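Residue numbers (this note's numbering): 124 to 278.
Each remark here refers to the structure printed beneath this line.
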């Protein structure tokens, strides 16, 4: 399966949230949706990104936009992460990696000369029509949530 391109509909995927409840993304259609992928819960960059989206959640809510943060962490770990930092963004578990594959975010990475597979920090903004409006790859955390909010306002 190839990653969605601008104008493509949201891929049909299955996720669980931090509480283990199934997420039905088809139910979100009719409102903008931000889906961001992050490597690992409770690490410095991922925590900052989640806190930034949480800080801006009221602004996204004014646009009727929902935010979904996806990692390969188990729901129990996501629940601890959410509770530890008071996060209000909905955290989703993709333990099997199918959603990461569908979005093309499961990639080969390099660190200190070592190659390994991991999640590429990426964000996808879908319009109310359920189609991909904008994407960000190889995201740098600082200022990113603000940039996504501005793009959502322009929809």
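We treat Cβ as the ideally placed atom computed from N, Cα and C, and that holds for glycine.
Just so we're clear, the structure is a prediction, and the values are computed from it rather than from any experiment.
Distance CB(residue i)-CB(residue j) smaller than 8 Å
{"i": "residue 127", "j": "residue 204", "result": "no"}
Neighbourhood of residue i by C-beta distance below 7 Å, restricted to the same chain and skipping five residues each side
{"i": "residue 135", "result": "none"}
{"i": "residue 169", "result": "161, 162 and 163"}
{"i": "residue 239", "result": "232"}
{"i": "residue 180", "result": "190, 211 and 212"}
{"i": "residue 182", "result": "272"}
Same chain only: Cβ atoms within 8 Å of residue i, ignoring 5 sequence neighbours per side
{"i": "residue 261", "result": "243, 244 and 245"}
{"i": "residue 268", "result": "172, 175, 176, 178 and 179"}
Classification of residue i by the beta-carbon crowding that lies within 10 angstroms, buried from 16 upward
{"i": "residue 230", "result": "exposed"}
{"i": "residue 228", "result": "buried"}
{"i": "residue 113", "result": "Missing from the structure shown is residue 113; the chain here goes from 124 to 278 and no further."}
{"i": "residue 235", "result": "exposed"}
{"i": "residue 150", "result": "exposed"}
First through last residue of the alpha helix (DSSP H) which encompasses residue i
{"i": "residue 140", "result": "Looking at the DSSP string, residue 140 is not in any alpha helix (DSSP H); the run it does join, the beta strand (DSSP E), is 138 to 140."}
{"i": "residue 90", "result": "With the chain covering only 124 through 278, there is no way to say anything about residue 90."}
{"i": "residue 226", "result": "221 to 226"}
{"i": "residue 231", "result": "Premise fails: residue 231 lies in the beta strand (DSSP E), 229 to 234, not in any alpha helix (DSSP H)."}
{"i": "residue 149", "result": "It is not in any alpha helix (DSSP H) - residue 149 carries neither H nor E in the DSSP assignment."}
{"i": "residue 271", "result": "267 to 276"}
Residue i versus the options, residue with shortest Cα-Cα distance
{"i": "residue 196", "options": "216, 184 and 276", "result": "216"}
{"i": "residue 206", "options": "165, 188, 258 and 156", "result": "165"}
{"i": "residue 257", "options": "267, 271 and 266", "result": "271"}
{"i": "residue 148", "options": "266, 278, 277 and 253", "result": "253"}
Cutoff 6 Å; reference residue i; Cβ partners in own chain excluding five residues on either side
{"i": "residue 153", "result": "251"}
{"i": "residue 210", "result": "173 and 177"}
{"i": "residue 129", "result": "255"}
Residue interval of the beta strand (DSSP E) (run including residue i)
{"i": "residue 247", "result": "245 to 249"}
{"i": "residue 258", "result": "255 to 259"}
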